[in-house]
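Have a look at the structure below before the remarks.
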Amino acid sequence: MLKVSDLHVNYGFIKAVKGIDFHIPEGKIVSILGANGAGKTSTLKALSGIVPISKGSIELEDKKIDGKQAYEIVKQGIIHCPEGRKIFPQFTVEENLKVGSYVLGDNNEVKENFSKVYEYFPRLRERKNQIAGTLSGGEQQMLAIGRGLMASPKLFILDEPSLGLAPIIVKEIFQIIKEINKQGVTVLLVEQNAFQTLKIADYVYVLETGNIVLEGTAEVIRNDESVKKSYLGG
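Position 45 of the sequence shown, counting from 1, maps to 45 under full-length UniProt numbering, and the rest follow consecutively.
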């Protein structure tokens with residue numbers, strides 16, 4: 001579905017991403033693991049058109065999308081759920097969700113997506129008229145994911161969805177990501193929580209200082225000694 005070749009992202013003289021290649025097959029969960037500063041978020045922003053690439057190419061379904069504006073990439077079906085949730089705190093839950101559906105021209109599809117989101121996240125239905133800024137951290141993360149789903153993504157990019165959440169909420173979020181994937185949505189997941197990520201991912205890339213240093217199936221990565229030491233506490 002998505003093919004990234006020789007991707008470079010620079011911020012002035014700082015080389016954040018240094019010529020990486022990766023592929024995301026349709027219908028799979030692909031994860032990028034790495035510590036802070038590894039280049040994970042810069043990679044995602046490049047895919048979404050938020051930052052320009054310095055070199056390389058990005059293809060979605062065999063069509064080049066590098067160089068396109070972010071709103072054009074959204075219309076192509078790549079939806080980015082950013083680190084830190086970035087909800088609209090002054091809007092209600094339902095208003096936030098409506099914002100996510102702005103690219104859709106079909107009112108029936110919007111209604112169907114509301115039903116799906118409320119099925120995944122019953123708490124959002126209960127709080128649909130509540131101001132989003134008053135939600136708990138876990139509920140805000142659910143809202144951010146739900147808002148992304150309202151756009152009917154082909155590729156759903158999730159950046160650190162478990163960040164700052166209680167363990168019981170983290171487990172719930174990962175279960176929902178797995179369920180979203182089972183319903184046919186391709187997922188690119190960037191996480192520091194390697195333990196939970198390796199439970200649900202099909203394929204994993206490990207990024208360090210802007211370079212991919214290891215890749216393989218989740219099982220292969222889980223059993224790699226360097227990953228155990230760096231990410232799994234042993």
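No residue lacks a Cβ here, since even glycine has one placed at the ideal position from N, Cα and C.
Legend entry - One or two residues paired with Lys18 in a DSSP bridge: Locating residue 18 in the sequence shown gives position 18, counting from the first residue. Beta-bridge partners assigned by DSSP to Lys18: His8.
Inset, instruction - Just tell me which of Gln76, Arg85, His23, Val110 has its CA closest to the CA of Leu158. - result: Taking the sequence shown and counting its residues from 1, one reaches residue 158 at position 158. Taking each of Gln76, Arg85, His23, Val110 in turn and checking the Cα distance to Leu158, the smallest one comes out for Arg85.
Legend entry - His8 versus Pro122: straight-line alpha-carbon distance, rounded: Indexing the sequence shown from 1 puts residue 8 at position 8. Indexing the sequence shown from 1 puts residue 122 at position 122. Distance between the alpha carbons of His8 and Pro122: 41 Å.
Inset, instruction - Look up Lys55 in the DSSP assignment and give the residues it is bridged to. - result: Start at 1 with the first residue of the sequence shown, and residue 55 comes out as number 55. As a beta-bridge residue in DSSP terms, Lys55 pairs with His8.
Inset, instruction - Determine the closest residue to Val213 out of Lys40, Ile24, Ile173, with distance taken between C-alpha atoms. - result: Sequence index remark: in the sequence shown, residue 213 carries index 213 (1-based). Cα-wise, what sits closest to Val213 is Lys40.
Legend entry - Option in Gln196, Val170, Val17, Glu119 with minimal Cα separation from Lys55: Taking the first residue of the sequence shown as 1, we reach residue 55 at position 55. It is Val17.
Inset, instruction - Thinking Ile24 and Leu2 are a contact (beta carbons under 8 Å), I'd like their distance in whole angstroms, please. - result: The residue labelled residue 24 in the question sits at position 24 within the sequence shown. The residue labelled residue 2 in the question sits at position 2 within the sequence shown. Rounded to the nearest angstrom, the Cβ distance from Ile24 to Leu2 is 4 Å, consistent with a contact under 8 Å.
Inset, instruction - Provide the residue(s) that pair with Asp62 in DSSP beta bridges, ordered along the chain. - result: On the sequence shown, position 62 is the one that residue 62 refers to. In the DSSP assignment, Asp62 is bridged to no other residue.
Inset, instruction - Enumerate, from N- to C-terminal direction, the unbroken alpha helix (DSSP H) stretches of 4 or more residues contained entirely within the region 60 to 111. - result: For the region 60 to 111, whole alpha helix (DSSP H) runs of length 4 or above, ordered along the chain, are 70 to 76, 93 to 100.
Inset, instruction - Report the three-state DSSP secondary structure of Ser31 (helix, strand or coil). - result: The sequence position of residue 31 within the sequence shown is 31, counting from 1. The answer is strand: DSSP assigns Ser31 an E or B state.
Legend entry - Minimum C-alpha distance to Asp224 - residue among Leu198, Gly210, Thr209, Asn211: Working through the sequence shown from its first residue, we reach residue 224 at position 224. With distances taken between Cα atoms, Asp224 lies closest to Leu198.
Legend entry - Anticipated Cβ contact below 8 Å, Thr92 with Ile131, distance rounded: For the purposes of this step, residue 92 is taken as the residue at position 92 of the sequence shown. For the purposes of this step, residue 131 is taken as the residue at position 131 of the sequence shown. Right, their Cβ atoms sit about 6 Å apart.
Inset, instruction - Would you tell me roughly how many angstroms separate the C-alpha atoms of residue 238 and Pro161, rounded to the nearest one? - result: Past the boundaries of the shown model lies residue 238; the chain is included only from 1 to 234, so the question cannot be answered.
Inset, instruction - Kindly indicate the opening and closing residues of the alpha helix (DSSP H) around Val185. - result: Numbered from 1 along the sequence shown, position 185 holds the residue referred to as residue 185. In the DSSP annotation of this structure, Val185 is not part of any alpha helix (DSSP H), being labelled neither H nor E.
Legend entry - Endpoints, the beta strand (DSSP E) within which Glu215 is located: Translated into positions along the sequence shown, residue 215 becomes position 215. Annotation: the continuous beta strand (DSSP E) that includes Glu215 extends over 211 to 217.
Legend entry - Classification of Ala166 by the beta-carbon crowding that lies within 10 angstroms, buried from 16 upward: Along the sequence shown, read from residue 1 onward, the residue named residue 166 stands at position 166. Counting Cβ neighbours within 10 Å, Ala166 comes out exposed, since fewer than 16 surround it.
Legend entry - Range covered by the beta strand (DSSP E) that runs through Ile157: If you number the sequence shown from 1, residue 157 lands on position 157. That run of the beta strand (DSSP E) goes 155 to 159.
Inset, instruction - Flag this pair as yes or no: are the beta carbons of Ile176 and Ile200 separated by less than 8 Å? - result: One-based indexing of the sequence shown puts residue 176 at position 176. One-based indexing of the sequence shown puts residue 200 at position 200. Cβ distance not < 8 Å, so Ile176 and Ile200 don't count as in contact.
Inset, instruction - Go ahead and label Pro153 buried or exposed: buried means 16 or more other beta carbons lie within 10 angstroms of its beta carbon, across all protein chains shown. - result: Sequence index remark: in the sequence shown, residue 153 carries index 153 (1-based). Buried, since its Cβ has 16 or more Cβ neighbours within 10 Å.
Legend entry - Beta-bridge pairing of Val206 - partner residues as DSSP gives them: Numbered from 1 along the sequence shown, position 206 holds the residue referred to as residue 206. BP columns for Val206 point to Leu33, Leu214.
Legend entry - For Lys171, the three-state DSSP class (helix, strand or coil): Position 171 of the sequence shown, counted from the first residue, corresponds to residue 171. Helix.
Inset, instruction - Counting only the same chain and skipping the five closest in sequence on each side, list residues whose C-beta sits under 8 Å from that of Asp21. - result: Residue mapping note: residue 21 aligns to position 21 of the sequence shown, counting from 1. Excluding residues within five positions, the ones whose Cβ falls inside 8 Å are Val4, Ser5, Asp6, Leu7, Ile212.
Legend entry - Closest by C-alpha distance to Asn96, when choosing among Asn129, Pro82, Ile65, Gly105: Working through the sequence shown from its first residue, we reach residue 96 at position 96. Nearest C-alpha to Asn96: Asn129.
Inset, instruction - Kindly indicate which three-state DSSP category Glu139 falls into: helix, strand or coil? - result: In the sequence shown, residue 139 corresponds to position 139, counting from 1. Reduced to three states, the DSSP call for Glu139 is helix.
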